[in-house]
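The listed protein sequences correspond, in order, to chains A and B.
Start counting the first sequence at 1; every next residue gets the next number (the UniProt record's numbering).
Start counting the second sequence at 1; every next residue gets the next number (the UniProt record's numbering).
In this text, a Cβ means the ideal position worked out from N, Cα and C, and glycines have one as well.
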Amino acid sequence: MNKLHPPDVAASRAAPAGPVITCELLTKRFGDFVAVNAISFEVAAGEIFGFLGANGAGKTTAMRMLCGLLGPTEGAATVAGFDVFRQPELIKQHIGYMSQKFSLYEDLTVGENIRFYGGVYGLKGAVIREKTTALLQRLGLEAERNTLVGSLPLGWKQKLAFSVALLHEPAVIFLDEPTGGVDPITRRQFWDLIYEAAAAGTTIFITTHYMDEAEYCDRVSIMVDGKIEALASPAGLKRQFGVATMDEVFLHLARGAKNTE
Amino acid sequence: MKAFLMFVRKEFFHIFRDPRTLLILFGMPVALVTLFGFALTNEIKNADVAVLDFDKGAHARQVQNRLFSSGYFGLRDYATTYPDVAAAFRQGHVKLAVVFPVGFSADLDHLGHAQVQLVADASDQNTAISLVGYATSIIRAYAQEQARPTGPAGPRVEAVARLYFNPEMKAAYTFVPGTMALILLLVSAMLTSITIAREKETGTMEVLLVSPMRQLPIIIGKILPYFLLSFLNGLVILGLGVWALHIPQRGSLGLLIGETLLYIFVALALGVLISTRAASQQTAMLISMLSLLLPTLILSGFLFPIASMPVPLQFLSNIIPARHYIVVLKGIMIKGLSLRELWRETLTLAGMGTALLLLALASLKNRLA
């Protein structure tokens, strides 16, 4: 439990090389409604980038554009070196994704889930077998290889889902509220995994509603009404707004929002 | 391709590990065919009969003994007047009434010729026809046995039947094609829509869409196992119909299978379309039931003849895929028709399938992403 790196230690990891995500005035309109309003930012390789905002602020829409699921209206963006307008399918090969539902098949065993997702990303059988063994060892789940995922505790499912999303060694992993509904201890263990992946060079793009988790990020952006209102390290944000916690930073910004769900 | 095969494999895991799916897939067809085939229409056992005996003679009594010992008929009540019989029919107590007129026994003994009246409940025509047929042959057989070895011609009993007789109407030939159409539609469309809705519900669809797998292989991967299993299902129902219920198979088996595949394709496309509109398994199930089961039962010509429907409903029945498939099935199996006579229905089904699939794919793009 105490293995968790404090933010300043995390920030001192191997120097990131060039941006993995670039966003320039990226905009998405649905009719008259501007869901994402000219957002610009860059995320470096191996960075843990917290993407915060109240419900309805446009986080999900922005994330969908970056994942190649939704075509942007205007602006420019690249993910893992590929253009979101022209190369969404290439982006998909180089990113991982995990949602708050953990998205494993409950009626498939642990081994079958790994095999299936490996297959979906076009990994070869031998590679999948090798990676499965390594993955189960790392998570201490060797004994559960043939257990149905449905019967695993939530925390294990979460870790498994995260590891499966990393199976094809993506440049970026998008985590959409990955710790929802999980107890605090499990959450901290999960963050250990996130730090491990980031240390190995994977860029982490994470949305969360937990402000303690925002503290663990290298940098945090806060979206309000489709715009990015603040973007800095957690320490920087607190300084900027003259408050003691990320909670206060968030409330200060989000209170002015017009679009909330 | 590898990813696709992996996908199909996974889908089979889902199917074989879900008892509910297996039950719908394999239990329901057998149960329905058995129900429709044996319990509801075909076999007659101990049908309730009313007797109105104005004769009260020896022959009348013995004919009754014969009838009630045959196993086909059971005595429900003795009526004393015609209104009693009419009341019994109205209340649905009896399926058949046997009326012996005054002097039945005497006529048979002295004239060698007598009449008996059989009144059948023709609201269930098939049963009525069978009942009258069975009763007539039992009564005739009895009359034959009364012939004296020396007599030139044996005594005759004329059974006069009262019912609305429709020689074209043979229910046994209707329910197998009907059941087939219904089951294939339900299995293909309902199970497909539920399985896709389940992926949406659990969030795995989102993950698949973010993966390099394209939308079309995802959908095809989802429906292929159901396509194969539906086809297997179709063969089981056909086999039951032909071997257990003695429906003829006069036309080309190849054409029959081809048309069945086409129909399954339409049903699967419908299933995909429903699933794009339904966010949860429950919704998918409900939509399937309401938009498929009821219209198919009522408008396909399965339970109610289309020719006797009001004109607007006749018109509406054209959009029910099962209607066309039933025409094709009956045409091939019972009439031995070929594609030359059935091209119109075939084309309609093909058009429906294509349109539904395109609609489903378009809808999918909007809904899932």
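Contact list for residue i against chain A, beta-carbon separation under 7 Å
i          : result
valine 8/B : The premise fails here: valine 8/B is roughly 10 Å from chain A at the closest Cβ pair, so nothing lies under 7 Å.
Rounded Cβ spacing between residue i and residue j (contact assumed at less than 8 Å)
i                  : j                   : result
alanine 181/B      : phenylalanine 302/B : 7 Å
glycine 96/A       : alanine 165/A       : 4 Å
threonine 207/A    : phenylalanine 51/A  : 5 Å
valine 84/A        : leucine 66/A        : 7 Å
leucine 167/A      : tyrosine 105/A      : That belief does not hold up - the Cβ atoms of leucine 167/A and tyrosine 105/A are roughly 15 Å apart, past 8 Å.
alanine 197/B      : alanine 279/B       : 7 Å
phenylalanine 41/A : cysteine 23/A       : 5 Å
alanine 235/A      : isoleucine 222/A    : About 15 Å; that fails the 8 Å criterion.
methionine 333/B   : leucine 255/B       : That belief does not hold up - the Cβ atoms of methionine 333/B and leucine 255/B are roughly 10 Å apart, past 8 Å.
Beta-bridge pairing of residue i - partner residues as DSSP gives them
i                   : result
threonine 276/B     : Note: threonine 276/B sits in no beta bridge, so no partner.
aspartate 29/A      : Note on identity: in this sequence residue 29/A is arginine, with aspartate being the wrong assignment. The partner list for arginine 29/A (beta bridge, DSSP) reads Val34/A.
glycine 53/A        : Met223/A
isoleucine 204/A    : Ile48/A, Ile173/A
phenylalanine 102/A : Phenylalanine 102/A is not bridged to any residue.
glutamine 158/A     : In the DSSP output, where bridge partners are listed per residue, glutamine 158/A has none listed.
isoleucine 196/B    : DSSP output for isoleucine 196/B lists no bridge partner at all.
isoleucine 39/A     : Leu26/A
isoleucine 228/A    : Met223/A
alanine 97/B        : Ala50/B, Val119/B
glycine 96/A        : Ile173/A
isoleucine 21/A     : Val43/A, Val79/A
glutamate 345/B     : DSSP lists no partner for glutamate 345/B.
aspartate 77/B      : Ala50/B
threonine 204/B     : Paired residue(s): none; threonine 204/B is not in a bridge.
Nearest candidate by alpha-carbon position, reference residue i, set the options
i                   : options                                : result
glutamine 144/B     : Leu268/B, Val63/B, Ile298/B, Leu32/B   : Val63/B
arginine 323/B      : Glu341/B, Leu349/B, Ser338/B           : Leu349/B
alanine 38/A        : Phe49/A, Ala77/A, Gly68/A              : Ala77/A
leucine 32/B        : Thr346/B, Ala267/B, Ala284/B, Gly241/B : Gly241/B
glycine 181/A       : Leu167/A, Thr203/A, Pro153/A           : Pro153/A
glycine 46/A        : Phe33/A, Ala80/A, Gly58/A              : Ala80/A
glycine 119/A       : Ser275/B, Lys2/B, Met285/B             : Lys2/B
glutamate 196/A     : Lys157/A, Thr186/A, Thr147/A, Arg138/A : Arg138/A
phenylalanine 54/B  : Val30/B, Leu111/B, Ala97/B, Pro19/B    : Ala97/B
glycine 71/B        : Glu345/B, Ala135/B, Ala244/B           : Ala135/B
lysine 101/A        : Thr354/B, Glu199/B, Gln117/B           : Glu199/B
isoleucine 21/A     : Gly71/A, Leu69/A, Ile91/A              : Ile91/A
valine 94/B         : Leu131/B, Ser291/B, Gln146/B, Ser317/B : Leu131/B
leucine 361/B       : Val102/B, Phe73/B, Gln215/B, Thr195/B  : Gln215/B
arginine 64/A       : Gly201/A, Trp156/A, Phe174/A           : Phe174/A
asparagine 318/B    : Phe175/B, Pro295/B, Lys10/B            : Pro295/B
serine 193/B        : Val272/B, Leu185/B, Ile139/B           : Val272/B
serine 163/A        : His252/A, Ile114/A, Thr73/A, Val224/A  : Ile114/A
glycine 203/B       : Met98/A, Thr179/A, Asp225/A, Asn146/A  : Met98/A
histidine 113/B     : Phe104/B, Ala120/B, Val119/B           : Phe104/B
glutamate 74/A      : Ala44/A, Val34/A, Ser103/A             : Val34/A
glycine 178/B       : Val85/B, Leu293/B, Ala58/B             : Leu293/B
valine 99/B         : Val51/B, Leu261/B, Leu209/B            : Val51/B
leucine 69/A        : Pro212/B, Ser69/B, Val49/B, Asn65/B    : Pro212/B
glutamine 240/A     : Val224/A, Gly226/A, Val220/A           : Val220/A
alanine 44/A        : Glu213/A, Ser103/A, Gly18/A, Gly155/A  : Gly18/A
phenylalanine 12/B  : Tyr226/B, Gly234/B, Pro217/B, Met205/B : Tyr226/B
phenylalanine 231/B : Tyr325/B, Val327/B, Leu261/B           : Leu261/B
glutamate 201/B     : Gln281/B, Val266/B, Ile274/B, Leu184/B : Gln281/B
Proximal residues of chain B, C-beta to C-beta of residue i below 7 Å
i                   : result
lysine 101/A        : Thr202, Gly203
cysteine 67/A       : Val210
leucine 108/A       : Lys10, Phe13
phenylalanine 116/A : Met6, Lys10
glutamate 89/A      : Pro212
tyrosine 97/A       : Val207, Val210
Under 8 Å from the C-beta of residue i: neighbouring residues of chain B
i                  : result
phenylalanine 85/A : Those do not exist, as phenylalanine 85/A stays about 15 Å from chain B at its closest Cβ, beyond 8 Å.
lysine 131/A       : Ordered by position in chain B, no residue passes the 8 Å Cβ test against lysine 131/A, which lies about 15 Å from the chain.
glutamate 112/A    : Lys10, Phe13
Residue i beta carbon near the ligand NAP (any heavy atom closer than 6 Å)
i            : result
glycine 50/A : This structure simply doesn't include the ligand NAP, nor any ligand for that matter.
Within chain A, the residues that residue i reaches when beta carbons sit closer than 8 Å
i            : result
lysine 222/B : Residues of chain A passing the Cβ test: none, with the nearest at roughly 13 Å.
alanine 3/B  : Gly119, Val120, Tyr121, Gly122
Closer than 9 Å at the beta carbon, the chain B residues around residue i
i           : result
lysine 92/A : Leu209, Val210, Ser211, Pro212, Met213
Query - Near-chain A residues of the segment 202-217 of chain B (beta-carbon distance less than 8 Å), N- to C-terminal order - result: If the cut-off is 8 Å between Cβ atoms, the segment 202-217 of chain B has Thr202, Gly203, Thr204, Glu206, Val207, Leu208, Leu209, Val210, Ser211, Pro212, Met213, Arg214 near chain A.
Requested in this report: Could you list the residues in the segment 14-25 of chain B with a C-beta less than 9 Å from some C-beta on chain A, going in chain order?
Outcome: For the segment 14-25 of chain B, which is checked against every Cβ of chain A, the residues closer than 9 Å are His14, Arg17, Asp18.
**Report entry** the segment 70-91 of chain B: positions lying closer than 7 Å to chain A by Cβ
**Finding:** Those residues of the segment 70-91 of chain B that come within reach of chain A (Cβ to Cβ, closer than 7 Å) do not exist; the list is empty.
Query raised in the report: Of the residues that make up the segment 156-167 of chain A, which ones have a beta carbon closer than 7 Å to any beta carbon in chain B?
Result: Listed by position, the residues of the segment 156-167 of chain A near chain B (Cβ gap below 7 Å) amount to none.
Requested in this report: With 9 Å as the limit, tell me which residues of the segment 209-226 of chain A have their beta carbon closer than that to any beta carbon of chain B; keep them in chain order.
Outcome: Among the residues of the segment 209-226 of chain A, none has a Cβ less than 9 Å away from any Cβ of chain B.
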